[in-house]
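Its first residue numbered -7, the sequence shown is counted upward by one per residue in this note's numbering.
C-beta atoms are modelled at their ideal positions from N, C-alpha and C, and glycine is treated no differently.
Source: prediction; values computed, not measured.
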Amino acid sequence: MYIIFLGAPGAGKGTQAAGVAEEFGLVSIATGDLFRQAVERGDDLGKKVREFMAKGALVPNEITVQMVLNKLAAPESGKGAILDGFPRNLGQAEALDEAFKKKKQKIDSVVYIKVEEKELIRRLSGRWVCRSCQSPYSIQGALTEEQKKCARCGGELYQRPDDNLETIKNRLKVYFSETAPLISYYRNSGRLIEVDGEGAVGEITQRIIQALRKKTCKNK
Ligand code: AMP
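So this is what it looks like as structure tokens:
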């Protein structure tokens, strides 16, 4: 099973992908995480993508598509995968469909997680992430040094450099102009599942799991 998670920055794609991947025994491939790890390592890829990420712009397709196709070709993706944050424009979506067609495979479902813009800004500006285990936290306002500790592993919590208001606004602008058109691209090909992304994390996970099970039954 191959699934795409589509939604604006802050819609909860990463959080939901973790729960849904576990339920269905899939791997989760998050392009943003892969790019951040490359920047952290300071390797060639990291050097190429750093500036784009800092501005909240999209990394060029020739870099992004190849990275994802390599990940999909790896043995651990053989049982299926959730693509979190990819594709993000029409060129990427078409390149992905083309690559799957060549392998005689297909993207089974595209889960579109819908969240209001005001809520996206609230979530992104209050997002803290653990440096060690990547657990996300939603905390509004400033934190004391004591509060900057992960409840799961004791690691240090930090705010992503692109989660500042100016970059958040640019990322949303890029989302609405380049990524949102993919909603009709996938709706027109009968692969879109729309899920309300507001509410408790566990409830949203269940909504996605139920919707995917229903769709899989229909397709059989
Ligand atoms: P994310 O963690 O998904 O919010 O992604 C962080 C940043 O990584 C984005 O603002 C882009 O600069 C870059 N990025 C992630 N996924 C893609 C993609 N599919 N295409 C181009 N750039 C991407």
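{"Check": "Between the CA atoms of Pro153 and Ala46 - distance to the nearest angstrom", "Outcome": "7 angstroms"}
{"Check": "Under the three-state DSSP convention, the category Lys206 falls into", "Outcome": "helix"}
{"Check": "Contact the region 138 to 150 vs the region 111 to 125: 3+ CB pairs below 8 angstroms", "Outcome": "yes"}
{"Check": "Assigned exposure category for Gly191 - 16 Cβ within 10 Å defines buried", "Outcome": "exposed"}
{"Check": "Anticipated Cβ contact below 8 angstroms, Val12 with Ile201, distance rounded", "Outcome": "6 angstroms"}
{"Check": "Three CB pairs or more closer than 8 angstroms across the region 126 to 139 and the region 154 to 174", "Outcome": "no"}
{"Check": "Any non-hydrogen atom of the ligand AMP within 7 angstroms of Ala66 CB", "Outcome": "no"}
{"Check": "Secondary structure of Gly51, DSSP reduced to three states", "Outcome": "First, the amino acid is wrong: residue 51 is Val here, not Gly. Three-state DSSP puts Val51 in coil, outside helix and strand."}
{"Check": "Proximity to Asn53 [Cα-Cα], best of Ala85, Asp36, Arg28 and Asp35", "Outcome": "Ala85"}
{"Check": "Pick from Val103, Ile(-4) and Asp36 that is closest to Ala214, judged by C-alpha positions", "Outcome": "Here the chain has residues from -7 to 212 only, and residue 214 is not among them."}
{"Check": "Sufficient close CB pairs (3 or more, under 8 angstroms) joining the region 74 to 91 to the region 170 to 188", "Outcome": "yes"}
{"Check": "Heavy atom of the ligand AMP within 7 angstroms of Pro79 beta-carbon", "Outcome": "yes"}
{"Check": "Leu88 beta carbon near the ligand AMP (any heavy atom closer than 7 angstroms)", "Outcome": "no"}
{"Check": "Distance, Pro67 Cα to Lys106 Cα", "Outcome": "32 angstroms"}
{"Check": "Collapsed DSSP secondary structure at Ala134 in the structure displayed", "Outcome": "coil"}
{"Check": "Assumed close pair Asp76, Phe(-3) - CB separation to whole angstroms, cut-off 8 angstroms", "Outcome": "5 angstroms"}
{"Check": "Chain-order list of residues whose beta-carbon lies under 8 angstroms from that of Arg42 (same chain, five-residue window excluded)", "Outcome": "Val31"}
{"Check": "Where Val107 sits in the DSSP three-state scheme", "Outcome": "coil"}
{"Check": "Beta-carbon spacing of Leu164, Glu111 below 8 angstroms", "Outcome": "no"}
{"Check": "Cβ neighbour criterion (16 or more within 10 Å) applied to Ala22", "Outcome": "buried"}
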